[in-house]
Amino acid sequence: MLLGNPLTSPLYHLLERLYALPPSPPATRTTPLSLLCVGLPRTGTESLQRALLHLGYTHTHHGWDIVYPSPSFPHATSPGWVSLARHKALAQPLSAADFDALLGHCAAVTDAAGSVFAADLICAYPDAKVVLNMRRDEQAWRRSVQATLVRAHESWAFWIASWLDRECFWAWHVMRGPEHCAMIRRLVPKDRLLEWYVEDGWEPLCKFLGKPVPNMPFPHENTAAGGWKARERQCNERWVKGAFVNLILLFVGVLYKP
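full-length UniProt numbering numbers the first residue of the sequence shown as 1 and each following residue consecutively.
Given below as structure tokens:
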């Protein structure tokens, strides 16, 4: 759906009022953000998160943290990310302070936040190392995206719920995934950049980070047929439940309008 220019579109401002999100609580940085994993979703991002947690990067932010509060940061951050996405869409600069409010407890970031805000994060944290995580088989990556992200966002249930639940609305209308590997290579000096495929496993990653190689298989998380299905069901239940409540309130408001 095209909302037009958000600076001038009356429809955009109407929807922004209808689906206004509460602000996230303010936060500050409590641990250095030393690693940016800027590959697109479905490139082994949750497996990479699990690996980095094992290597001591606590906490490593993943896209699911936007949806589900984590033990280390028990507040919903989706309103804050929506705000940053709006700033980015309007070409307004983002600073380390902007990201610290959402990632202040994180030593590393991956998945949606890492890829969508890649250029901004690289500029905001010039000393951080950067991992460009990719899938070696591009067609397999496209099939994975089609079977998960695209299928979920094109479903009628998700679309209908997006108009009745604020959080789901912004998840539908803000998410985007540009092709940006060339941009990353242009922005990051070679000595700070690792181009890494999930099939590469521990060795190149640990060498780049200066960590010993663990004596365990590399994590394999969130497959299209496994972990993703469970997460998708949880999201659908959460958003559809919120949409149902709002629908009931809408009907009550219409029926009992004075």
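All C-beta atoms in this analysis are idealised placements derived from N, C-alpha and C, irrespective of residue type, glycine included.
Computed from a predicted model, the values in this text were never measured in an experiment.
Candidates the options: which alpha carbon is nearest residue i's?
i              : options                        : result
tryptophan 196 : Pro204, Lys190, Pro189         : Pro204
glycine 111    : Arg135, Glu46, Thr28           : Looking at the sequence itself, residue 111 is aspartate, so the reference to glycine does not match. Out of Arg135, Glu46, Thr28, Glu46 has the C-alpha closest to the C-alpha of aspartate 111.
valine 67      : Gly80, Leu55, Pro219           : Gly80
threonine 58   : Val188, Arg42, Leu103, Leu193  : Leu103
glycine 201    : Ile184, Cys181, Asn133         : Asn133
leucine 94     : Leu53, Gln49, Tyr125           : Tyr125
histidine 61   : Gln49, Cys181, His54           : Gln49
arginine 186   : Cys206, Val130, Gly210, Asn215 : Val130
threonine 30   : Cys106, Cys206, Thr43          : Cys106
arginine 192   : Ser78, Ala128, Gln92           : Ala128
I'd like the list of long-range same chain contacts for residue i, defined as Cβ closer than 8 Å, with 5 residues on each side in sequence excluded.
i            : result
valine 245   : Because the pLDDT of valine 245 is 47, which lies under 50, any placement of that residue in the model is unreliable, and the question is left without a value.
threonine 28 : Asp100, Ala101, Gly104
lysine 88    : Leu94, Val116, Phe117, Asp120
Evaluate residue i with the Cβ neighbour count: other Cβ atoms within 10 Å of its Cβ, from every protein chain shown; 16 or more gives buried, anything less gives exposed.
i            : result
valine 252   : With a pLDDT of 42 at valine 252, under the threshold of 50, the predicted position of this residue should be treated as unreliable, though the coordinate-derived value follows. So valine 252 ends up on the exposed side.
arginine 135 : buried
valine 213   : exposed
alanine 108  : buried
proline 217  : exposed
leucine 33   : buried
leucine 90   : exposed
glycine 56   : exposed
glycine 210  : exposed
proline 10   : exposed
aspartate 65 : buried
alanine 51   : buried
So, at 6 Å on beta carbons, what are the nonlocal neighbours of residue i in its own chain, with the 5 sequence-adjacent residues on each side left out?
i             : result
alanine 171   : Only weak support is given to the placement of alanine 171: the predicted model assigns it a pLDDT of 45, under 50, and the value that follows is read from those uncertain coordinates. So the list is empty, once near-sequence residues are dropped.
glutamate 199 : Arg136
leucine 121   : Leu36
leucine 194   : Val131, Phe208
leucine 53    : Thr60
proline 258   : Low confidence applies here, because proline 258 scores a pLDDT of 43, under 50, leaving its location unreliable; read the following figure in that light. None.
Given residue i, which residues of its chain have a CB within under 7 Å of its CB, disregarding the five upstream and five downstream residues?
i            : result
arginine 176 : Confidence is the limiting factor: at arginine 176 the pLDDT is only 44, short of 50, which leaves the residue's position unreliable and the question unanswerable from this model.
aspartate 98 : Leu84
alanine 96   : Ala124, Tyr125
valine 188   : Ile122, Val130
threonine 43 : Asn133, Met134, Arg135, Trp141, Val198
Please check the pair residue i and residue j, which I expect to be a contact at CB under 8 Å, by giving their CB distance rounded to whole angstroms.
i         : j              : result
valine 38 : isoleucine 184 : 6 Å
- Which full runs of the alpha helix (DSSP H) of 4+ residues lie inside the stretch 99–141, going along the chain? 111–116, 118–124
- Enumerated in chain order, which unbroken segments of the alpha helix (DSSP H) with a length of 4 residues or greater are wholly contained in the stretch 179–220? 181–187, 202–209
- alpha helix (DSSP H) segments (min. 4 residues) lying fully within the stretch 28–67: Those alpha helix (DSSP H) runs which fall completely within the stretch 28–67 and span 4+ residues are 45–54, 64–67.
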